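One structure is given below, encoded as structure tokens.
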Amino acid sequence: LQYAFEFKAPRGRLTHLAYVATSNPTPSLSLYANGSLVGTIPVSASCTMYTIVDPKYSFRGLLLGARCWKVALQPSQVASSAASGPMARISQRPEDCTVDWDLQDGHGCN
């Protein structure tokens with residue numbers, strides 16, 4: 003994502019991060035850290051595979067898991083996910099989840 007928030011994850015600590023993009027009533031992108039809203043910026047966000055792997059924009063750190071949803075999660079769902087652990091199931095329709103990667107078994111990239 004090519005957008006900046008005033009947030010730095012603490013070094014050496016597990017931090018649950020969630021980006022939520024919405025279009026109603028206006029396009030916006032929100033960042034949550036450990037279930038709490040960090041900020042919202044008024045942009046129409048897209049996240050292509052090129053952007054994800056581009057060193058200029060990519061995430062730097064270790065991932066325990068990653069999920070992508072076709073729908074915007076509600077703040078309560080983001081908070082529940084953060085409180086329950088990186089790969090805990092949340093109350094959302096399984097068919098709305100398009101990516102569900104559990105990277106805790108030692109496979110994947112860092």
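Per the numbering used here, residue 3 is the first one in the sequence shown, and the count goes up by one each step.
Glycine included, C-beta positions come from ideal geometry on N, C-alpha and C.
Computed from a predicted model, the values in this text were never measured in an experiment.
Asked, Found
"Neighbourhood of C111 by C-beta, 6 Å cutoff - its chain only, sequence neighbours within 5 removed", "Summary for C111: the model assigns pLDDT 46, below 50, so the residue's position carries little reliability, and this model does not support an answer."
"Where the beta strand (DSSP E) containing S30 begins and where it ends", "S30 to A35"
"Where V40 falls: helix, strand or coil (DSSP)", "strand"
"Candidates A6, A84, W71 and V80: closest to D98 by CA position", "W71"
"Option nearest R91 by Cα separation, candidates A74, R69 and V22", "R69"
"Euclidean distance between Cα positions of L66 and L19", "11 Å"
"Selection from L16, N36 and P44 that minimises the alpha carbon distance to S82", "N36"
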